[in-house]
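Protein chains in written order, with the numbering used here: chain A, 1 to 424; chain B, 425 to 848. From the three backbone atoms N, C-alpha and C, an ideal C-beta is built for every residue, glycine too. Predicted, not measured: the structure shown is a model, and the values here were computed from it. Here is the structure we will look at.
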């Protein structure tokens with residue numbers, strides 16, 4: 001930032017910025033501090049020529065300068081891309097909404113291509129009247145809109161045994177947050193007719209894809225807040241997110257959010273399918289495993305600064321930003337530490353937390369130019385406090401894959417670069 | 425919808441659906457009513473083969489089956505596409521968020537291509553210290569997140585003299601609704617230093633593009649809720665939406681939301697620029713024109729059914745859906761009429777209205793298969809009720825272009841098709 005009334009004289013604000021009383025003032029290290037600045041003194045091509053017309057892109061993509069803000073795969077993680085995962089570039093996003101185009105994908109047999117006309121949804125099992133719905137049928141039931149996060153149970157799963165992946169995209173990017181429109185699953189189950197007690201009953205849900213990805217869900221949850229969704233962020237679900245219909249299971253692990261939803265069977269017990277026995281169960285420190293760990297506990301991550309988003313300015317004012325969420329409800333507070341958890345400051349929530357949705361937090365602070373061990377700690381409406389990795393390991397050991405919601409540490413160096421580390 | 429336990433027998437629910445007591449039940453006109461349904465009885469290719477891997481699209485686009493859900497230009501409206509507009513496909517969207525890729529564009533000299541590194545923002549005029557900010561400087565100030573609608577003042581502008589354009593996209597599609605992240609303009613003005621009274625002062629804002637699109641804004645509004653925004657729906661602004669920085673002026677006409685924001689000058693009066701004299705003023709019935717009509721008054725539109733979204737099913741349960749908004753605050757109620765405004769029913773708001781943001785409404789109702797004259801009427805927190813076209817014409821005549829917030833009428837025919845009409 002320069003004083004443009006006298007570009008050769010240091011700005012008074014720049015001078016003041018070192019003083020404690022002017023925390024909001026910026027340091028004089030800005031790129032614009034060079035003088036004269038040809039970007040100010042000379043007419044630039046964008047101001048003297050014409051840009052693109054409105055026919056340039058009937059459906060637009062990000063500008064070429066943002067070509068790095070994309071989903072990324074980690075090649076060594078899985079043998080092929082058909083049954084694999086990629087990661088949301090959360091380090092480069094702000095606010096809370098995740099655009100569909102860069103929202104992480106997880107497929108078990110690839111993203112399939114079906115039309116709305118070919119879509120069918122069966123509800124069967126312990127119902128009065130088994131029913132088959134077309135897509136057009138679904139559009140005739142009352143709809144709801146909700147913003148929810150979807151987190152893969154394996155998010156942060158590579159970090160159990162140590163600090164492995166160098167970037168928030170890779171440690172925490174198996175998450176997205178969208179505004180869904182759909183019909184409550186409750187409405188369709190009631191249309192088919194439920195008799196008797198809810199307790200002890202389950203639904204088994206599966207998709208149209210070859211994997212079918214079958215999962216058992218307690219009927220109580222199915223009747224609570226699950227959505228049979230067909231829109232995300234206003235428009236149709238993208239192919240990779242389950243077009244034309246996916247199940248939304250708010251706050252619960254992403255594997256249960258069955259894409260290309262084909263069938264919902266009401267049963268008197270769980271199926272104990274592959275996806276809920278050999279996978280998506282949690283190995284504990286004593287070598288046994290626990291199952292039915294569906295809820296994604298409170299968690300948070302600092303997205304900037306982070307290994308992919310180094311600090312590029314000198315000491316002085318800076319914004320530390322990140323995301324927090326809880327499968328148990330709304331986030332009520334996020335704390336940030338610069339010293340590896342010794343001391344904490346309460347961050348500012350951009351908006352009051354919403355149930356099972358991402359919450360953006362900011363800490364408007366000063367950087368002294370030295371090392372920082374940055375951590376964030378989420379607290380949700382139940383009072384639950386996000387644990388340290390040491391606390392999790394006491395119970396879970398180091399051989400788990402799923403449900404790692406530990407506090408993450410970034411070591412920010414005087415160069416502004418950051419790396420993934422563990423603190424004791 | 426079929427009874428899948430006995431596909432040859434009519435479903436009990438289908439029989440019941442004609443009765444008043446079962447408003448939620450669906451009619452038996454569904455495509456799935458054919459029996460046997462090969463989509464159920466035969467293994468389909470998507471269930472027996474593999475789909476796309478996670479490397480198919482690092483940044484994804486909509487599935488090919490949604491290729492019609494795009495921004496559309498109206499060729500006869502403007503002489504060229506560089507200074508033109510296109511329209512959001514609001515008829516095909518649900519929920520409230522507008523994806524950037526299909527959010528309407530309006531350019532005065534085309535969408536320009538600049539980098540964050542080349543970006544500069546000057547604040548000058550009646551300030552203590554004229555300042556120039558780089559993009560990196562802006563990122564060091566405290567940020568806010570807000571969802572706001574942006575409506576072009578000319579939205580619905582072709583409808584003053586009659587029912588002209590056959591589709592909600594074209595009559596009401598100069599609007600979008602996004603979650604913005606940015607720095608309050610107030611923060612930057614205070615950084616430059618303001619002295620003396622706010623009353624009577626203005627800011628003049630202009631963009632980096634050749635048109636510069638200069639507009640005068642009362643300083644009071646600039647200090648209230650204007651945002652210097654760099655993200656929309658989580659990611660960087662798209663090129664066509666002002667990358668890297670646009671001004672957000674909540675509730676006020678879109679022309680003031682200057683893209684590629686270059687300069688904010690504090691002045692002791694308005695500039696009376698081209699964009700606020702020969703354009704963006706309102707010609708009245710008596711031939712005179714009024715100016716400074718910035719606020720977008722309460723308005724609503726039924727997006728489905730509509731000319732581009734005909735009813736494709738028979739009589740019985742149906743969802744009427746649309747959008748409502750007000751530049752004066754939150755929407756508190758939306759009424760829907762099926763008989764051209766003679767009788768009204770209160771629609772269901774998907775969520776409580778939010779200030780200066782789109783509100784989605786639904787009317788879960790029955791269609792008797794006959795003609796309907798569909799209208800919606802928005803009411804905002806000030807008590808203002810969206811007017812009829814006749815009421816607007818009493819004051820404004822038929823020669824206006826801007827600020828047409830009248831009640832829209834769709835004539836839905838027994839075929840399910842809809843057309844744009846006027847009712848007396």
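- Going by DSSP, residue 405 of chain A is part of no alpha helix (DSSP H) at all; its letter is neither H nor E.
- Among the residues of chain B, none has a CB under 9 Å from the CB of residue 150 of chain A; the nearest is roughly 14 Å distant.
- Non-local C-beta neighbours of residue 842 of chain B in its own chain, meaning closer than 7 Å and more than five positions away in sequence, comprise 729, 730, 731, 734, 834, 835, 836, ordered along the chain.
- Here residue 278 of chain A is exposed. Its C-beta has fewer than 16 other C-beta atoms within 10 Å.
- Proximity of residue 678 of chain B to chain A, defined by a Cβ-Cβ separation below 7 Å, is not satisfied.
- Secondary structure at residue 386 of chain A: coil, using DSSP grouped into helix, strand and coil.
- Per the DSSP secondary-structure output, residue 299 of chain A pairs in a beta bridge with A:325.
- For residue 247 of chain A, the enclosing beta strand (DSSP E) covers residues 246 to 248.
- Close to chain A, meaning a Cβ-Cβ distance shorter than 8 Å, are the following residues of the region 724 to 754 of chain B: 736, 737, 740, 741, 742, 743, 745.
- In this structure, the CA atom of residue 54 of chain A is about 15 Å from the CA atom of residue 667 of chain B.
- Taking C-beta separations shorter than 8 Å and ignoring five residues to either side along the sequence, the partners of residue 767 of chain B in its chain run 761, following chain order.
- Against chain B, the CB of residue 273 of chain A has no partner CB under 7 Å away; the residue lies outside that interface.
- DSSP, reduced to helix, strand and coil, places residue 126 of chain A outside both helices and strands of the structure shown, so it counts as coil.
- When DSSP states are grouped into helix, strand and coil, residue 788 of chain B belongs to the strand group.
- Chain A has a Cβ within less than 7 Å of the Cβ of residue 489 of chain B.
- Taking the CA atoms as reference points, residue 744 of chain B sits about 25 Å from residue 576 of chain B.
- Judged by beta-carbon spacing, residue 716 of chain B lies beyond the 7 Å limit of residue 632 of chain B, meaning their Cβ atoms are not closer than that value.
- The straight-line gap separating the alpha-carbon atoms of residue 460 of chain B and residue 110 of chain A is approximately 29 Å.
- In the three-state reduction of the DSSP assignment, residue 224 of chain A falls in the helix class, which pools H, G and I.
- Residue pairing from DSSP places residue 741 of chain B in a beta bridge opposite B:790.
- According to DSSP, residue pairing for residue 52 of chain A in a beta bridge involves B:535.
- Taking a C-beta distance under 7 Å as the contact criterion, residue 378 of chain A and residue 353 of chain A do not qualify as a contact pair.
- In the DSSP assignment, residue 283 of chain A forms a beta bridge with A:289.
- Counting along the chain, the unbroken alpha helix (DSSP H) around residue 464 of chain B starts and ends at 462 to 465.
- Its Cα nearest to that of residue 415 of chain A, the residue A:372 stands out among A:191, A:372, A:386.
- Note on geometry: alpha-carbon atoms of residue 467 of chain B and residue 357 of chain A lie some 37 Å from one another.
- In terms of Cβ geometry, residue 63 of chain A and residue 603 of chain B do not form a close pair [threshold 7 Å].
- Two segments are said to touch when three or more pairs of C-beta atoms, one from each, lie closer than 8 Å; by this definition the region 570 to 586 of chain B touches the region 660 to 679 of chain B.
- Judged by DSSP in its simplified three-state form, residue 239 of chain A adopts helix.
- At a Cβ-Cβ threshold of 7 Å, residue 163 of chain A and residue 420 of chain A count as neighbours.
- DSSP places residue 380 of chain A in the uninterrupted beta strand (DSSP E) bounded by 372 to 380.
- Look at the beta carbons and you see the region 85 to 100 of chain A not touching the region 502 to 516 of chain B: under three pairs across the two are nearer than 8 Å.
- At least one C-beta of chain A is nearer than 7 Å to the C-beta of residue 663 of chain B.
- Non-local beta-carbon contacts of residue 294 of chain A in its own chain, meaning distances under 7 Å to residues more than five positions away in sequence, involve 252, 253, 256 in chain order.
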